[in-house]
């Protein structure tokens, strides 16, 4: 049985670009391309976080990261809209909240084939939640290491290019870097891999060439070195980043280097959810309208009013963030706590959501 994930209109061998209209989510109806054996890659707009869905030509699926804790319900909803029934390959690139925060929601909602994470631990509640969810569902965690082949199927290959060793000072450098090759097209997903990891990948002699590069660490200045970009030689570069984020991502120097490399640069904060499709010879890009920018952030549960009939604020028990009742990133009902006032939420050590800014 296929795992779901519909494909799109037959892409031209030439690279093209289409924008969906207001109120649509790019890639929602890609069902007419099954005869062309199309691979689809969805870069979900999850703000200052990462979540990437890959739908392989013969029906298998891969999810790389699932956004932050607040993004879990929205990521699950997006997957369901794509017709996903099972995640064959699940990858948590490294144990930072903005990458693995939503994984427990995904694991609880979908059957998982194989689950990969680097061999490193973290003491956060987020990391613990992922492990507990996997254990409860009987999902075994396999160590992500360079050279590991995750999938080989005719003209398709999925292989890990990093991490190249077992110990790093920075958690980001543990990032599982995944390269997908489909006939004459290729994609490279780098998580938050920094300059050290990039140097090791170059030294390993691994094939890093990619038509589409998921830019490392949200476009930070400590990733995307000149030597790495020269080796990858991307035609398209995608930066998963939140609007007006606190980190100054993407860094202007990184944008300049990407442009100098000849890559067309796309950003989820401006372009919304991006969907690339490949027929093995050419790549087509579909993206959400930047004006409407629905992305994946649609409410997935009804708003529960605060006690006393007031609107108040809604806290996320897992992430310890609080939201306006109209926020599109509200947690699932079982994961909510209500506050009458902003001060009450702050006194409970909850942080304001960066999206709705309560």
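Numbering (this note's numbering), first residue to last: 87 to 444.
A virtual CB, placed ideally from N, CA and C, is assigned to each residue, including glycine.
Please read all numbers here as calculations on a predicted model, not as lab measurements.
| Proximity to residue 291 [Cα-Cα], best of 330, 304, 246 | Among 330, 304, 246, the Cα nearest to that of residue 291 belongs to 246.
| Using the rule of at least 16 other Cβ atoms within 10 Å of the residue's Cβ for burial, across every protein chain shown, is residue 338 buried or exposed? | Result: exposed.
| field | Nearest neighbour of residue 407, chosen from 127, 435, 344 [CA to CA] | value | 435
| request: Count the other C-beta atoms from every protein chain shown that fall within 10 angstroms of the C-beta of residue 363, then say buried if there are 16 or more, exposed otherwise. | output: Sixteen is the threshold: when 16 or more other Cβ atoms of the shown chains lie within 10 Å of the Cβ of residue 363, as they do, the residue is buried.
| Does the beta-carbon of residue 313 have 16 or more other beta-carbons within 10 angstroms, so that it is buried, or is it exposed? | exposed
| Are residue 190 and residue 162 touching if we call contact CB-CB under 7 angstroms? | no
| Proximal residues to residue 186 (C-beta, below 6 angstroms), its chain only, five neighbours per side dropped | 178, 216
| Residues in its own chain within less than 8 angstroms of residue 425 by CB, not counting five upstream and five downstream? | 392, 398, 399, 400, 401, 408, 431, 434, 436
| Can you tell me whether DSSP reads residue 252 as helix, strand or coil? | coil
| Roughly how many whole angstroms lie between the Cα atoms of residue 352 and residue 324? | 5 angstroms
| field | Supposed close pair residue 155, residue 405 - CB separation, criterion 8 angstroms | value | 4 angstroms
| When the Cα of residue 443 is compared with those of 412, 321, 248, which residue comes out closest? | 412
| query | Where does residue 129 sit, in a helix, a strand or coil, going by DSSP? | reply | strand
| said: Can you find the residues in the same chain that come closer than 7 angstroms, C-beta to C-beta, to residue 197, ignoring five residues on each side of it along the sequence? | reply: 172
| query | So, using beta-carbon positions, are residue 271 and residue 170 closer together than 7 angstroms? | reply | No, these two residues do not count as a Cβ contact at 7 angstroms.
| field | residue 419, buried or exposed, once every other Cβ within 10 Å from all chains shown has been counted against 16 | value | By the Cβ neighbour-count rule, residue 419 is exposed, with fewer than 16 other Cβ atoms within 10 Å of its own.
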